[in-house]
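In this note's numbering, the protein residues as written are 4 to 744.
See below for the structure under consideration.
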């Protein structure tokens, strides 16, 4: 018995001693090293890996991507569109270079199409209904791909069907002021108006016409606006150059709001409530049809009446008259009408987004989203496939690095290939409506690369001012195409620059004040810090408003490779620049966003507002003092946050402090959202869609000009309302940057 007790005590003592020794040395060893997660949490962007990534981005792969994407027309919801869906899924699910996960998101959306069995017609008919002229129904084909039977007839999406006829009048760009001016010269009731692209939104050209009794509208692209006046396809335009040939027609959606028209603020799923079609707003109520400038030339040069003013004259070698209404007495069209037979129809169809993700290693619940739409009007080599070909190359290189275990981003990267953008930013808008809360709470930034390349002169960047520095850093890192030693940054500052009070001479970065691409729902609806990148032509040397094959059947692989980017080195430069921004936003310990640059932009807007508006506003008892105080508060808060960042050793701070600062940076633009500020989905009070060209707060500028024009008390009340909304939003944003209370 005693022996048993003794053995038990001895064993217990031995076990206790071993435990103490193990515990002692274990603790001592642990004290000499950090837990594994500490290193992960404090990791920053790896410049060496970033350089390796950039070296792998290949121009030949981008060229091959573009060739594959443009084999057939791929208008939204067509067979060709489905082929591109399958291509994206195949690439993003590739076991060697794909993403962590890829899938498709389906939406049932309201789209508009021409009737293939009853083509839209525009004719000139005399009083006995004899057809004297018929506008070309399809563009002239110069290559085999332009002969593809799936090339859709030029039409105005969301134009109503209808048969109308009347005397022709010329209405310049179809703006509100153009129709007002014209109505003072002529009785417009019962007429057909012909307008040129530019100056006003597509749908607005018809919507603006309705109050004057106009029955229908034709739209064409004037050679002065797109071709430097060149008109002949014998030796001047495509296929001899990049200029639009005479039969070229710019297709487009004629809705003035974005997203699915039947499900505003709701994702357009199959079971979603839909408003009645009669309740849709923002689309034309009279027929509208685009035509080529070869037909517009015939019609406009035959018009009677007085000559239009000089600023209404275009590129045709004739005087642009208003119309009698109708054609001049010496014309063989005299006393004839223009007749429009439009057979468009609308249909709810399934449209797909293709989504992919690389999951973050440290902050998987923070998203950097990179997107571009996939659908085109025809082959869409530049719009949008230049952007899609770039995105596929970026995902190939990043996916390969992940699969090989070389790299995983700190934050999650989400890739979006949006569907049905050409019909009104539908795919991206439905995505933001479906995942409203998740995206609002978790998205760091959105990068949009739609038309990646429409020229080879310089980078063009549009975005929130807080992203200026990261774009500059990326642009300095990338060699400019065709330049021996110059960077993308160097070329950019040569072509477009400004003088900053803080930074001196820097490239000019524009603002996202429009609704021209898929950044719109992220900026205006969700208030997410966003960026849009593109390489463009030298705007100081040409008047073209966009690349001349835009939305035509001539936007093909051949057009891009011959006239826009031979060798695809410009595509490569855009891919590297966008990729560098993407990786820096996804991998940096501290988000590369600068609040002081935002303050500088607000101060510049305020200075312009005071110069142009303050006296007039004071005369209406509207004070700008609230906005002055708010902008001053914003500057103080931005300076404070900058000081906090500079004085912090973030790599050795607690993860919560870094997360707190990053949240302040990430959520800054959300503070500018105010639901009652503007109609529709536009809630960002700083970057409201611009309607005029004053370099000040866009929403306030538009309201001010409207009030000055109408003189109505209600319009001045709207100005006063916006001053209050904006000043409080800016104050709210300032408080986002102060210490947490």
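We put the CB at the ideal spot given by N, CA and C, even for glycine.
Span of the beta strand (DSSP E), counted from its first residue to its last, around residue i
i: residue 135; result: 134-137
i: residue 340; result: 340-345
i: residue 277; result: Per DSSP, residue 277 belongs to no beta strand (DSSP E) and is neither H nor E.
i: residue 508; result: 507-510
i: residue 52; result: Element bounds for residue 52: not the beta strand (DSSP E) but the alpha helix (DSSP H), 50-59.
i: residue 779; result: Nothing can be reported for residue 779: it is not among the residues displayed for the chain, which extend from 4 to 744.
i: residue 450; result: 446-451
Identity of the residue in the options nearest residue i by Cα
i: residue 410; options: 38, 54, 41; result: 54
i: residue 47; options: 394, 406, 654; result: 654
i: residue 317; options: 361, 223, 570, 341; result: 223
i: residue 60; options: 476, 418, 419, 404; result: 404
i: residue 263; options: 326, 460, 286; result: 286
i: residue 275; options: 266, 281, 282, 283; result: 266
i: residue 704; options: 107, 620, 666; result: 620
i: residue 147; options: 573, 231, 562; result: 562
i: residue 107; options: 422, 520, 693; result: 422
i: residue 105; options: 249, 532, 447, 416; result: 416
i: residue 185; options: 311, 658, 712; result: 311
i: residue 529; options: 665, 449, 465; result: 449
i: residue 253; options: 309, 383, 319, 178; result: 383
i: residue 564; options: 69, 359, 43, 81; result: 69
i: residue 344; options: 137, 175, 389; result: 137
C-beta contact flag for residue i and residue j at 8 Å
i: residue 626; j: residue 737; result: no
i: residue 491; j: residue 580; result: yes
i: residue 354; j: residue 430; result: yes
i: residue 167; j: residue 218; result: yes
i: residue 182; j: residue 161; result: no
i: residue 539; j: residue 458; result: yes
i: residue 340; j: residue 75; result: no
i: residue 201; j: residue 153; result: no
i: residue 197; j: residue 221; result: yes
i: residue 740; j: residue 641; result: yes
i: residue 534; j: residue 584; result: yes
i: residue 494; j: residue 440; result: no
i: residue 171; j: residue 332; result: no
i: residue 387; j: residue 454; result: yes
i: residue 334; j: residue 305; result: yes
i: residue 228; j: residue 463; result: no
i: residue 364; j: residue 412; result: yes
Opening and closing residue of the alpha helix (DSSP H) in which residue i lies
i: residue 684; result: Segment: none, residue 684 is in no alpha helix (DSSP H) and carries neither H nor E.
i: residue 297; result: 296-303
i: residue 68; result: 62-72
i: residue 531; result: It is not in any alpha helix (DSSP H) - residue 531 carries neither H nor E in the DSSP assignment.
i: residue 185; result: 179-186
i: residue 92; result: 82-95
i: residue 476; result: 471-480
i: residue 549; result: Unbroken run through residue 549: none, as it is neither H nor E.
i: residue 491; result: 491-498
i: residue 265; result: That residue, residue 265, is in no alpha helix (DSSP H); it is neither H nor E in DSSP.
i: residue 227; result: 226-229
Counted within 10 angstroms of its Cβ, other Cβ atoms place residue i as buried (16 or more) or exposed
i: residue 272; result: exposed
i: residue 435; result: buried
i: residue 24; result: Reliability fails at residue 24, whose pLDDT of 44 lies under 50, so the model's placement of it is uncertain and the value that follows must be treated cautiously. It is exposed - the Cβ of residue 24 has fewer than 16 other Cβ atoms within 10 Å.
i: residue 114; result: buried
i: residue 730; result: buried
i: residue 41; result: exposed
i: residue 225; result: buried
i: residue 575; result: buried
i: residue 29; result: Confidence is the limiting factor: at residue 29 the pLDDT is only 45, short of 50, which leaves the residue's position unreliable, though a coordinate-based value still follows. Counting Cβ neighbours within 10 Å, residue 29 comes out exposed, since fewer than 16 surround it.
i: residue 726; result: buried
i: residue 34; result: Because residue 34 sits at a pLDDT of 43, beneath the cut-off of 50, its placement in the model cannot be relied upon, and the point is left open.
i: residue 330; result: buried
i: residue 623; result: exposed
i: residue 513; result: exposed
i: residue 428; result: buried
Cβ of residue i within 8 Å of any chain C Cβ
i: residue 646; result: Note that chain C does not occur in the displayed structure, where there is just one protein chain.
Closer than 7 Å: residue i CB and nearest the ligand MG heavy atom
i: residue 306; result: No copy of the ligand MG appears in this structure; indeed no ligand is present at all.
At 4 residues or longer, and completely inside the segment 110-155: list those alpha helix (DSSP H) runs for me, N to C.
Whole alpha helix (DSSP H) segments, 4+ residues: zero.
In chain order, each beta strand (DSSP E) run of at least 3 residues that lies wholly inside the segment 357-440:
List check, beta strand (DSSP E) in window: 366-376, 414-421.
Ignoring anything shorter than 4 residues or poking outside the segment 563-600, list the alpha helix (DSSP H) runs there in chain order.
Qualifying alpha helix (DSSP H) stretches, in chain order: 572-590.
Enumerated in chain order, which unbroken segments of the alpha helix (DSSP H) with a length of 4 residues or greater are wholly contained in the segment 631-688?
Runs of the alpha helix (DSSP H) inside the segment 631-688: 658-669.
Only counting runs of 4 or more residues, tell me where the alpha helix (DSSP H) segments fall wholly within the segment 695-740, in order along the chain.
Here the runs fully enclosed are 701-713, 716-739.
Can you list the beta strand (DSSP E) stretches of 3 or more residues lying completely in the segment 191-215, in chain order?
The segment 191-215 contains these whole beta strand (DSSP E) runs: 195-199.
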